[in-house]
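Each remark here refers to the structure printed beneath this line.
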Amino acid sequence: MPPSVRPARKPLRALAAGALTAVLVVVGLVATTSQASAAVVQPGTAYVLINRNSNKALDVYNLATTDGAAINQFSRNDGAWQQWKFLDSGGGWYRVQSVHSGKVLDLPSTADGIQLVQNADRNDSRQQFRLADSAGGHVRLINRNSSKAVDVWEHSTADGAKVSQFQDLDGANQQWLLVPTPPAPKTFNNPIKRNGPDPWLQYHNGFYYLATTTWNSTVTMRRSATLAGLATATDQVIFNLAGRANGCCNMWAPEFHLINGRWYFYYTAGQNVTDYNPTQRLHVLESSGTDPMGPYTFKADLGSDWALDASVLKVGSNLYLMGTYGGDGAGQSNFIQRLSNPWTLTGSRVRFSSPTLAWERQTGAVNEGPEPLYRNGKVMVVYSASACWGPDYKLGLLTLTGTDPLNPAHWTKKSTPVFQRSDANSVFAPGHNGFFKSPDGSEDWIVYHANDSAGGGCDMNRSTRAQKFTWNSDDTPNFATPVRLGVTLSAPAGE
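Throughout the sequence shown, residue numbering follows mature numbering (1 follows the signal peptide of the UniProt record, and there is no 0), covering -38 to -1, 1 to 457 in sequence.
Listed below in structure tokens is the structure:
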């Protein structure tokens, strides 16, 4: 930018002011400073101030960040040095803060023509302005200390022309259009919860709700209006399992589903014994209304043998409980069973996926964590494969290619994994996922846990992560590569 210019005061201003005064006297009027009636600013919004006479923007000249730096006008470019926020001082007065420097507008004296500058915020009368309405949606900025209007000196239209103050004449060079700038895009960084294995996340009525494994007798949930806010939100206990004869402890793999106007919270828990495997069972809570955080009451045990990772699949009007079981000689496998309602099993349990492929048997032969996914009438299940205590835990895909979910032959397994470790991004054992929609419903997101190193285990050190995914031409999901921790990602659309 060129150096700041300070044009000499011209007789034109004095003549104009005198002429206006004479006219007012002749017609018997008294000149008064008009009050703002319709001018409104939004706290937190940044505005570009465009002068009506010059069509140029109020500008921190030469991108200065120092106290006393000149505020002039310059061709509009919407840079941070041309963006201003209004800080409420009460009673209709505001400080006008530069987004670039963090300093506020300041008129050092009551003299006409004094250079408008920026200074550290003292919130005194020299730094306080009110908005007075002018024609065409323009406003004047009236200084509290001087009662004078912010003014492009001598009606200049030049870049670098001085901005100062003068008697409020409501001239075009004292009129400013407040143009709000688009808000900065919202972002977040993974993880959205440290120490958050087996995550389940839903967006409902303006909030994200997240539940994860606690490995104790409490069932907890946290909520936030933004995805980024989940990282610091407080876990709230929504149900305590202590004292239950079966299913008191080691709470794993929570999920909550809205079915017929109530939330049903499915979880795995067992007895408080050293070897938890023999006692883990599936259970379900029921909410009293439509708040995902309850209150909840215990509804039912879902089976009487070892099981984990409950989820609900809907095909047509039918509900099915999916879960993970073992002990039948095929390795840890995923099973499906009809539900007559969200808490009652009916009919026989059927194994519909087991670890038959080499990539499903790394460190341990495992299929678990079946999760429903739907797209354009296609019914799919994304599941976790291989041992969670190894670095190669990953996701596979099943597609219902027949009509009967209870017929294993009607499910087709993809021969390759759909989501797996990324050594380049230091993401290991990504798995046990869920899905959610962006607030505006336009985007699909996956939530999952992973470890930061190949030596990570199957424990509470796993962290919750989220990322957007897309779709292949055959309506199968494209999860791409798990993102490195700390990378700044765009928040879900509609936040």
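Heads up, the beta-carbon is just placed ideally off N, CA and C, and yes, glycines get one too. Just so it is clear, the structure is predicted and the values come from calculations on it, not from any experiment.
Asked, Found
"Out of Pro317, Gly41, Gly75, Val22, point me to the one whose CA is closest to Val66's CA.", "Val22"
"Measuring straight from C-alpha to C-alpha, what distance separates Ser(-2) and Ala82?", "Since pLDDT at Ser(-2) reaches only 43, below the 50 mark, its modelled position is unreliable, and the value read off the structure follows with that caveat. Answer to the nearest angstrom: the Cα atoms are 29 Å apart."
"Can Val62 and Ala32 be called in contact, C-beta distance under 9 Å?", "Note that residue 62 is His in the sequence shown, not Val. No, they are not a contact pair."
"Buried or exposed for Gln44, please, with buried defined as at least 16 other CB atoms from any protein chain shown within 10 angstroms of its CB.", "buried"
"Hey, Val112 and Leu69: beta-carbon distance below 9 Å or not?", "yes"
"Taking the C-alpha atoms as reference points, what is the distance between Ala391 and Val3?", "49 Å"
"Just curious, the beta strand (DSSP E) that Phe91 is in, first and last residue?", "91 to 95"
"Taking DSSP as the reference, what is the three-state secondary structure of Trp407?", "strand"
"Is Val449 buried or exposed, if buried means 16 or more other CB atoms sit within 10 Å of its CB?", "exposed"
"Under three-state DSSP, which class holds Thr450?", "strand"
"Leaving out five residues on either side along the sequence, give the residues of the same chain with a beta carbon under 6 Å from the beta carbon of Arg14.", "His100, Ala134, Gln137"
"Return the first residue and the last residue of the beta strand (DSSP E) that Lys356 is part of.", "356 to 362"
"Taking the straight line between their C-alpha atoms, what separation do you get for Leu451 and Thr149?", "5 Å"
"Since Asn157 contacts Ser425 with CB under 8 Å, what's their CB separation in whole angstroms?", "7 Å"
"Can you grab the Cα-Cα spacing for the pair Asn395 / Gln35, in whole Å?", "54 Å"
"Relative to the alpha-carbon of Leu11, which residue among Val58, Asp50, Gly52 has its alpha-carbon at the smallest distance?", "Val58"
"With 16 other CB atoms within 10 Å as the buried threshold, where does Lys340 fall?", "exposed"
"Taking 9 Å as the cut-off, decide whether the C-beta atoms of Gly209 and Gln233 are in contact.", "yes"
"Does Ala31 come out as helix, strand or coil in the three-state DSSP assignment?", "coil"
"Return the CA-CA distance between Ser126 and Asp197, expressed in angstroms with no decimal places.", "53 Å"
"Under the three-state reduction of DSSP, which class applies to Gly133: helix, strand or coil?", "coil"
"Among residues of its own chain, excluding the 5 on either side of Leu447, which ones have a beta-carbon nearer than 6 Å to its beta-carbon?", "Asn152"
"How big is the Cα-Cα spacing for Arg(-26) and Glu116?", "Only weak support exists for where Arg(-26) lies, its pLDDT of 42 falling under 50; the value from the coordinates is given anyway. Cα to Cα, Arg(-26) sits roughly 6 Å from Glu116."
"From the DSSP output, in three-state form, read off Ser60 for me.", "strand"
"Would you report the Cα separation of Thr432 and Ser71, rounded to the nearest angstrom?", "60 Å"
"Within the stretch 302 to 340, note down every full alpha helix (DSSP H) run reaching 4 residues or more, in order along the chain.", "none"
"Would you mind working out which of Trp162, Arg337, Ser316 sits nearest Val328, comparing C-alpha positions?", "Ser316"
"From Lys430 to Gly191, what distance separates their C-alpha atoms?", "17 Å"
"Smallest Cα separation from Asp267: which of Val277, Thr286, Met255, Ser250?", "Thr286"
"Kindly confirm or deny that the stretch 414 to 422 and the stretch 396 to 403 touch, where touching means at least three C-beta pairs closer than 8 Å.", "no"
"Is it buried or exposed, Asp354, if we count other Cβ atoms within 10 angstroms and call 16 or more buried?", "buried"
"What span of residues does the beta strand (DSSP E) with Glu116 cover, start to end?", "Element bounds for Glu116: n/a, residue is neither H nor E."
"Return the first residue and the last residue of the beta strand (DSSP E) that Ala215 is part of.", "211 to 221"
"Within a Cβ cutoff of 7 Å, which residues of the same chain sit near Tyr170, ignoring the five residues on either side of it in sequence?", "Leu163, Arg185, Ser186, Leu189, Leu192"
"With burial defined as no fewer than 16 other Cβ atoms inside 10 Å of the residue's Cβ, what is the status of Val246: buried or exposed?", "buried"
"Which of helix, strand or coil does DSSP assign to Gly99?", "helix"
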